[in-house]
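Peer 1:
Numbering (this note's numbering), first residue to last: 141 to 483.
1. Looking only at its own chain, which residues have a Cβ that is under 6 Å from the Cβ of residue 238, when we skip the five neighbours before and after it?
2. In this structure, how does DSSP classify residue 478 when only helix, strand and coil are distinguished?
3. Buried or exposed: where does residue 472 fall if 16 or more other Cβ atoms within 10 Å of its Cβ makes it buried?
4. Taking just the CA atoms, how far does residue 229 sit from residue 294?
5. Measuring straight from C-alpha to C-alpha, what distance separates residue 278 and residue 356?
6. Below 8 Å on the Cβ atoms is my guess for residue 207 versus residue 286; work out the distance and round it to an integer in Å.
7. Name the DSSP bridge partner or partners of residue 320?
8. For residue 198, report the span of its alpha helix (DSSP H) as first-last.
9. Roughly how many whole angstroms lie between the Cα atoms of residue 195 and residue 308?
10. Taking the C-alpha atoms as reference points, what is the distance between residue 361 and residue 246?
11. Return yes when the Cβ of residue 191 is within less than 8 Å of the Cβ of residue 256, no when it is not.
12. My guess is that residue 185 and residue 430 are in contact by the Cβ rule of under 8 Å, so how many angstroms apart are they, rounded?
13. For residue 194, does the three-state DSSP call read helix, strand or coil?
14. Of all the options 329, 419, 354, which has the alpha carbon lying nearest to the alpha carbon of residue 435?
15. Tell me which residues share the same chain as residue 323 and place their Cβ nearer than 8 Å to its Cβ, disregarding the 5 neighbours each side in the sequence.
16. Do you know whose CA, among 305, 292, 358, lies nearest residue 466's CA?
17. Near residue 188, which residues of its chain fall below 6 Å by C-beta distance, leaving aside the five closest residues on each side in sequence?
18. Here's a check: name, in chain order, each residue in its chain whose Cβ is nearer than 7 Å to the Cβ of residue 252, leaving out the five neighbours to either side.
19. Using 8 Å as the threshold, is the C-beta distance between residue 461 and residue 374 below it?
20. To the nearest angstrom, how far is it from the Cα of residue 383 to the Cα of residue 199?
21. Nearest CA to the CA of residue 288: which residue from 397, 474, 203?
22. Where residue 444 and residue 325 are concerned, what is the direct C-alpha to C-alpha distance, given to the nearest angstrom?
23. Measuring only between beta-carbons, confirm whether residue 287 sits less than 8 Å from chain D.
24. What first and last residue would you give for the alpha helix (DSSP H) that runs through residue 233?
25. Nearest to residue 342 by alpha carbon, out of 173, 475, 227?
26. If you draw a straight line from the C-alpha of residue 470 to the C-alpha of residue 398, how long is it?
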């Protein structure tokens, strides 16, 4: 009996990172949904950014810095949306600079740069519909971010870092100038992402705003096309989309908030377990989980024709995935950011 308890204890201890991530993502989503905040599925995406494998607690200073930084950048986006939204020849170059420096300034953690870029693009974008909408979305995103940061802190308190995680984190090295030409890497990111941003602004595609968020997440991997990663990513998108469709049909048959929570927890167990599996394809399941949240977000904001909307959004996500893969393959071929060691 004691041997069984001992094995259970050590098994539970080894699973601490997985349990931390599952608890954080599901609790953040359920909390944001229960409180009735706008786009609660963004809260889950924010939480997953900081709870994926080998991430350490941010600390109070970084948390406050992220919130204040996003608040300042968000109000800058509101001002841009209020005064420059009708002047695309001014707006697009400003957004281009923001995109460039989001890829270039690697001193900030990737998740933080990704958040900055999302906010800088989304706030002026939603102002296309109404000027006041930018301020509303800004406050909604900030509340979702605050919920995510509080839940992340709670998750690390309940499930602290394990010794193997501390060792891996201590050995982790940031992006080095000796490995990559940061200017080329930032320029390539700009060349890939800005055309998509321009097209979304041109056609005022507000209904597909979560697809733009998804493209931003994908674009932070400039070598997404290498090896079998691109094919696996398309498959991951399909897996996440199909999981969301199954969840949607279950909720249609038995609409229940308790069932909704059960589905979210079940999906989290599957995707996060695969994310922490240590396999080469493990990072792909982060994209699958994000796809699941994007599609579930579409469901929660759709009308009675949600079924058609789901298939349309899955198709759009697939197109975004293929575009990002092919675009990076082309721009990296002409402007390779990898620094070759020439003796």
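Cβ atoms here follow ideal geometry from the backbone N, Cα and C, with glycine treated the same way.
Since the structure is predicted, the reported quantities are computational estimates derived from the model, not experimental observations.
Peer 2: Let's see:
1. 260
2. Residue 478: strand per DSSP, three-state reduction.
3. Taking all protein chains in view, the Cβ of residue 472 is crowded by 16 or more other Cβ atoms within 10 Å, so the residue is classified as buried.
4. 45 Å
5. 18 Å
6. 6 Å
7. 478
8. Neither: residue 198 is in no alpha helix (DSSP H) and is coded neither H nor E.
9. 10 Å
10. 13 Å
11. Taking the C-beta atoms as reference points, residue 191 is found no nearer than 8 Å to residue 256.
12. 6 Å
13. In this structure, residue 194 counts as coil in the three-state DSSP scheme.
14. 354
15. 244
16. 358
17. 165
18. So the qualifying residues of the chain are 206.
19. yes
20. 34 Å
21. Of 397, 474, 203, the residue nearest in Cα terms is 203.
22. Reliability fails at residue 444, whose pLDDT of 49 lies under 50, so the model's placement of it is uncertain and the value that follows must be treated cautiously. Using only the alpha carbons, I get a separation of about 44 Å.
23. Any reference to chain D falls outside this structure, which holds one protein chain only.
24. 228-244
25. 227
26. 47 Å
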